[in-house]
Amino acid sequence: MKRTKIAELLNSTSSDERVLIQGWVRTRRDSKGFSFIEVNDGSCLGNIQVIADAALDNYEDLRKLIAGSAIGVTGELVASPGKGQAWEIRASRIDIIGDASESYPLQKKRHTDEFLRTIAHLRPRTNKYGAVFRIRSELSFAIHRFFRDHGFRYIHTPIITGSDCEGAGELFRVTTLDVNDPPKRAGTVDWGADFFGKEANLTVSGQLSAEMLAMALGDVYTFGPTFRAENSNTRRHVAEFWMVEPEMAFCDLECNMAFAQEMIQYLTTYILQECQEDIQLFARFVDKTLISTLSVISQSEYVRLPYEEAVDILNHAPRSFEFEVASGKDLQSEHERYLTEVHFKKPVIVFDYPKTIKPFYMRLNDDDKTVAAMDVLVPRIGEIIGGSQREERLHVLEQRMKDCGVTREDYWWYLDMRRFGSVPHSGFGLGFERMLMMLTGISNIRDVIPFPRTPNSIEF
RNA sequence: UCCUCGGUAGCUCAAUCGGCAGAGCGGGUGGCUGUUAACCACUAGGUUGUAGGUUCGAGUCCUACCCGAGGAGCCA
């Protein structure tokens, strides 16, 4: 007999004489002559209540079931006489598929996130983490659907890269050399003897590759893992995370900003509609203001704020900051939070940053001082998107690389593209986990990815 | 990497001025009951993060280290 998912049964409109469910015991209560077993199979937040009658031939074993055990239940789906659930299953047969030991660490009470991180292999079985990972899946799907509906092509850019200085954080080296005894040449490691014949690293961004595909397919996007070896210890950083990077030909900064807003709003609306039950859990237990926050994000127009105006607002703010606000310096976390949480109380897109604090590939504005960069800042999370219009003019790009100390030889193909039908184009990177934090109200990024990688932590 | 705070039973926490290491939950046993974070009774469970030190006596004070969290920087 084929198993039915619990999500389907809980949404039933009629009873059913014979169903099979398989899942894990969340809790069990005894009554006179029978036992209530609540089972969850991960298909939805809710459990289904199973009535195990004492007449079942393995009833003595069933009475010893504890949370975490895996069982299969065959029985009749009937309207529940009790309060708290519409349907329940009167079991005619219950198979114990996998017993759980009494040391099963998950209890029916609330656990701290810190403790659950130490049992990351089991935490998906809790209500909260089950909900996060279902939303994570739905958000992934929504991203593909959004881009497909907008005529974008999904592309795969390399995970291992030979570009050694893309300007975004520290890199993880990839090598097959014997680290204890590497081949040397003139006293230093001979990378020419390594697998690729030169130094290789894990990618920090698929952008430069994506630009090449955008120059052929028009509108493209990547959605894949990204690696940063930065020694960051914050609730917003992990060493391995997923990033969505659209790249659009014939698109300027204005077009880029409009698209970024449309995308965030589409995704937020999608999750609010498709994951109502799971989102409600976060609205109730994690962040009481979640629904209203997400309404603002999904419906209101985002503030467009030139960098210089942002500095101006901050300088005139009726409060002081720990770090001074000065034109030419990057905005600090506290400044971003003031703009989104206090001053505007909604997402803010800051654009036209000083060229001195941005990488070489961003397009130089006519003022020769700023570049066509933009950051989308949202309340509580801070920067969720970083993007720009790319420099499509060969001579300007060459000059910028020189100014930024980037060696042209490493990017010959990137420059070469500017010789053959170069067009204005733009793109951005959306932090997938940060988007999940925004959608769920979860405050630590380690709790929206199943097995987080952070400095000194690669368990599981 | 820097700053701040924390580490006591499987989990969440308490322990007064330095004076017998406790509770709830979870586990086990028994009872009761269409229950639903069920309830009642009993019971087992501890190298107080690690290593030193001060003291008649250290969970408590001192030193070093380890681990965790929050903030900062870096960024998505």
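According to my numbering, the first sequence is numbered sequentially starting from 4.
Each residue gets a CB set at the ideal place from its N, CA and C atoms; glycine is no exception.
Values in this document were obtained by computation on a predicted structure and should not be read as measured data.
Spatial neighbours of residue i within its chain, please: C-beta separation below 7 Å, excluding the five flanking residues on both sides.
{"i": "ARG6", "result": "LEU23, ILE24, GLN25"}
{"i": "VAL3", "result": "Past the edges of the chain, shown from 4 to 463, lies residue 3, and the structure says nothing about it."}
{"i": "THR30", "result": "GLU41, ALA70, LYS111"}
{"i": "ARG238", "result": "SER446, ASN447, ILE448"}
{"i": "ASP333", "result": "ILE360"}
Can you give me the C-alpha to C-alpha distance between residue i and residue j, rounded to a whole angstrom?
{"i": "LEU216", "j": "ILE51", "result": "48 Å"}
{"i": "ILE162", "j": "TYR224", "result": "15 Å"}
{"i": "TRP90", "j": "SER18", "result": "8 Å"}
{"i": "LEU220", "j": "ALA213", "result": "10 Å"}
{"i": "GLY444", "j": "LEU256", "result": "30 Å"}
{"i": "PHE230", "j": "PHE175", "result": "7 Å"}
{"i": "THR373", "j": "LYS358", "result": "5 Å"}
{"i": "LEU290", "j": "GLN302", "result": "According to the sequence shown, residue 290 is Asp rather than Leu. Their Cα atoms are separated by approximately 19 Å."}
{"i": "ALA196", "j": "VAL182", "result": "13 Å"}
{"i": "ASN61", "j": "LYS35", "result": "16 Å"}
{"i": "SER104", "j": "SER72", "result": "8 Å"}
{"i": "ASN328", "j": "ARG156", "result": "As written in the sequence, residue 328 is Val, which differs from the Asn given in the question. Between VAL328 and ARG156, the C-alpha separation is close to 41 Å."}
{"i": "ASP102", "j": "GLY87", "result": "27 Å"}
{"i": "GLY408", "j": "VAL28", "result": "60 Å"}
{"i": "SER235", "j": "TYR341", "result": "23 Å"}
{"i": "SER83", "j": "LEU65", "result": "21 Å"}
{"i": "GLY331", "j": "GLU173", "result": "24 Å"}
{"i": "SER295", "j": "ALA145", "result": "21 Å"}
{"i": "THR179", "j": "ARG188", "result": "17 Å"}
{"i": "ASN204", "j": "ASP413", "result": "14 Å"}
{"i": "ASP222", "j": "LEU293", "result": "33 Å"}
{"i": "ARG148", "j": "GLY227", "result": "16 Å"}
{"i": "CYS258", "j": "HIS153", "result": "14 Å"}
{"i": "SER298", "j": "LEU308", "result": "21 Å"}
{"i": "VAL345", "j": "ALA320", "result": "10 Å"}
{"i": "PHE326", "j": "PRO458", "result": "27 Å"}
Are residue i and residue j touching if we call contact CB-CB under 8 Å?
{"i": "ILE40", "j": "LEU13", "result": "no"}
{"i": "SER38", "j": "ALA55", "result": "yes"}
{"i": "ILE384", "j": "MET441", "result": "yes"}
{"i": "VAL426", "j": "GLU401", "result": "no"}
{"i": "ILE92", "j": "VAL76", "result": "yes"}
{"i": "ILE122", "j": "ASP98", "result": "no"}
{"i": "VAL353", "j": "ASP315", "result": "no"}
{"i": "SER15", "j": "LEU80", "result": "yes"}
{"i": "LEU439", "j": "ARG139", "result": "yes"}
{"i": "LYS8", "j": "ASP44", "result": "yes"}
Nearest CA to the CA of residue i: which residue from the options?
{"i": "ASP370", "options": "PRO108, SER15, GLU311, GLU304", "result": "GLU311"}
{"i": "GLU202", "options": "TYR224, ASP184, VAL177, MET218", "result": "VAL177"}
{"i": "ARG422", "options": "ASP181, MET440, SER208, VAL399", "result": "VAL399"}
{"i": "PHE288", "options": "SER446, TYR62, SER83, TYR107", "result": "SER446"}
{"i": "THR343", "options": "LEU367, ARG322, ASN318, GLU386", "result": "GLU386"}
{"i": "GLN210", "options": "GLU462, MET251, ASN61, GLY154", "result": "MET251"}
{"i": "CYS47", "options": "GLU243, GLU280, LYS348", "result": "GLU280"}
{"i": "ASN368", "options": "ASN236, ARG403, PHE326", "result": "ARG403"}
{"i": "HIS124", "options": "ARG21, ARG137, LEU109, LEU275", "result": "LEU109"}
{"i": "ALA85", "options": "TRP415, VAL53, TYR273, SER106", "result": "At residue 85 the sequence reads Gly, which differs from the Ala that was named. If we check each option's Cα against that of GLY85, VAL53 comes out closest."}
{"i": "PHE136", "options": "ARG393, GLU436, GLU325", "result": "GLU436"}
{"i": "VAL306", "options": "GLY424, MET260, HIS147", "result": "MET260"}
{"i": "THR164", "options": "PHE155, LYS8, VAL207, PHE149", "result": "VAL207"}
{"i": "MET218", "options": "SER460, ILE461, LYS8, LEU418", "result": "LEU418"}
{"i": "ALA263", "options": "ALA286, GLU304, LEU317, GLY227", "result": "GLU304"}
{"i": "ASP406", "options": "TRP415, TRP416, PRO321, PHE363", "result": "PHE363"}
{"i": "MET4", "options": "ARG32, ASN459, GLY78", "result": "GLY78"}
{"i": "ARG322", "options": "ASP333, HIS338, PRO309, LEU308", "result": "HIS338"}
{"i": "ALA94", "options": "ILE461, ARG21, MET420, LYS131", "result": "ARG21"}
{"i": "ASP116", "options": "TRP415, LYS131, SER106", "result": "LYS131"}
{"i": "GLY434", "options": "GLU325, ILE158, HIS153, GLU248", "result": "GLU248"}
{"i": "ARG96", "options": "ALA58, ALA313, PHE326", "result": "ALA58"}
{"i": "PHE253", "options": "GLU462, SER460, GLY424", "result": "GLY424"}
Using a Cβ-Cβ cut-off of 6 Å (strictly less than) and excluding sequence neighbours within five positions of residue i, which residues of its own chain qualify?
{"i": "ALA376", "result": "TYR356, LYS361, MET365, SER391"}
{"i": "GLU277", "result": "GLU141"}
{"i": "TRP194", "result": "LYS201, GLU202"}
{"i": "PHE347", "result": "VAL306"}
{"i": "GLY49", "result": "LEU13"}
{"i": "LEU317", "result": "VAL328, HIS338"}
{"i": "PHE150", "result": "TYR224"}
Below 8 Å on the Cβ atoms is my guess for residue i versus residue j; work out the distance and round it to an integer in Å.
{"i": "ALA134", "j": "LEU284", "result": "5 Å"}
{"i": "MET468", "j": "GLY432", "result": "Beyond the ends of the chain as shown, which are 4 and 463, falls residue 468; an answer cannot be given."}
{"i": "ALA232", "j": "ARG456", "result": "Actually they do not touch by this definition, with Cβ atoms about 10 Å apart."}
{"i": "PHE244", "j": "ILE452", "result": "7 Å"}
{"i": "ARG393", "j": "SER336", "result": "Wrong, their Cβ atoms sit about 27 Å apart, outside the cutoff."}
Following a CB-centred definition, is residue i positioned closer than 7 Å to any heavy atom of the ligand ZN?
{"i": "ALA217", "result": "In terms of ligand content, the structure shown is empty, and the ligand ZN therefore cannot be addressed."}
For residue i, which residues in the same chain have their Cβ closer than 8 Å to its Cβ, ignoring the five residues on either side in sequence?
{"i": "ARG120", "result": "ARG126, ARG449, ASP450, PRO455"}
{"i": "GLY190", "result": "none"}
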